[in-house]
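Per the working numbering, the sequence shown starts with residue 2, numbered consecutively.
Worksheet for the structure shown next.
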Amino acid sequence: LLGLIKADSGDIKRSGDIRLGYTPQTFSPNPFIPISVIGFLNLNQKVAQNFLHETALLTGIESLLDSPLKSLSGGELQRVLLARALLNKPNVLILDEPAQNLDVNGQMHLYKLIQDIHQQQGCAVLMVSHDLHRVMKESTQVLCLYRHICCMGQPETIIKDSQFNDLFADQMDELMATYEHHHNHCHED
Numbered sequence: 002l003l004g005l006i007k008a009d010s011g012d013i014k015r016s017g018d019i020r021l022g023y024t025p026q027t028f029s030p031n032p033f034i035p036i037s038v039i040g041f042l043n044l045n046q047k048v049a050q051n052f053l054h055e056t057a058l059l060t061g062i063e064s065l066l067d068s069p070l071k072s073l074s075g076g077e078l079q080r081v082l083l084a085r086a087l088l089n090k091p092n093v094l095i096l097d098e099p100a101q102n103l104d105v106n107g108q109m110h111l112y113k114l115i116q117d118i119h120q121q122q123g124c125a126v127l128m129v130s131h132d133l134h135r136v137m138k139e140s141t142q143v144l145c146l147y148r149h150i151c152c153m154g155q156p157e158t159i160i161k162d163s164q165f166n167d168l169f170a171d172q173m174d175e176l177m178a179t180y181e182h183h184h185n186h187c188h189e190d
């Protein structure tokens, strides 16, 4: 999709009006290159500064713009990478394991931000994730890959798919944990 790896066979055809935004699974700033966040955002692209600042505000990185890129926490770096992806004004946002190495609060904030971007900007979000609980909770469509396309559809359909269950049957209770509230108890005052 991104053109980062050449296809072994077949053709990939895409519409000419597709604008992609991409965040990689891993990114480690070189500690020996002194670049600020704003310098990184401007790297290899011409961006109107007012749009850059609007995007920084949207992603919550406006206070980080003058900070050295190498000094950011994992959550801050993810938001910077997301901002950089948005500077292309994408209609398809591709996120590779965006919540990797984030704590629970960082994950919740990042997924909320992604949801807000999807709703406000109308861009499609294609997200790679191994967090099945989050995928099933946050997605409208799921594509399950394991050496080939195993299943595809809405989360409530996927969860019942035989191929999906064959792959994850041993882990389903842990991966898709739900809380059951029982009404057969008393609350004391």
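Glycine included, C-beta positions come from ideal geometry on N, C-alpha and C.
All of these numbers come straight from a predicted model, not from anything done at the bench.
Output yes or no for whether 7 Å exceeds the beta carbon distance between residue i and residue j.
i: Arg20; j: Lys90; result: yes
i: Leu65; j: Val38; result: yes
i: Leu261; j: Met153; result: Only positions 2 to 190 of the chain appear in this structure, which leaves residue 261 out of reach.
i: Thr24; j: Pro99; result: yes
i: Leu53; j: Leu44; result: no
i: Asn102; j: Gly75; result: yes
i: Val126; j: His119; result: yes
Measuring only the C-alpha atoms, how far is residue i from residue j?
i: Pro30; j: Ser68; result: 13 Å
i: Gly17; j: Leu70; result: 33 Å
i: Cys124; j: Val93; result: 5 Å
i: Lys138; j: Arg80; result: 21 Å
i: Ala86; j: Leu114; result: 13 Å
i: Ala84; j: Thr60; result: 6 Å
i: Phe33; j: Ser72; result: 12 Å
i: Gln108; j: Gln155; result: 22 Å
On a Cα-Cα basis, can you pick out the residue from the options that is closest to residue i?
i: Val136; options: Gln122, Asp104, Asp97; result: Asp97
i: His149; options: Leu114, Gln164, Thr141; result: Gln164
i: Lys77; options: Ile95, Ile118, Ile62, Lys161; result: Checking the displayed sequence, the identity of residue 77 turns out to be Glu instead of Lys. When each option's Cα is compared against that of Glu77, the closest is Ile62.
i: His131; options: Gln121, Gln122, Leu168; result: Leu168
i: Gln121; options: Gly11, Ile34, Thr56; result: Thr56
i: Gly22; options: Thr141, Gly107, Gln46; result: Gln46
Q.
In chain order, what are the residue ranges of uninterrupted alpha helix (DSSP H) at least 4 long that sit wholly in the region 35 to 68?
A. With a minimum length of 4 residues, the continuous alpha helix (DSSP H) runs that stay inside the region 35 to 68 are 38 to 43, 50 to 60.
Q. What are the start and end residues of each continuous beta strand (DSSP E) run of 3 or more residues lying completely inside the region 74 to 148, in chain order?
A. Those beta strand (DSSP E) runs which fall completely within the region 74 to 148 and span 3+ residues are 93 to 97, 125 to 129, 143 to 146.
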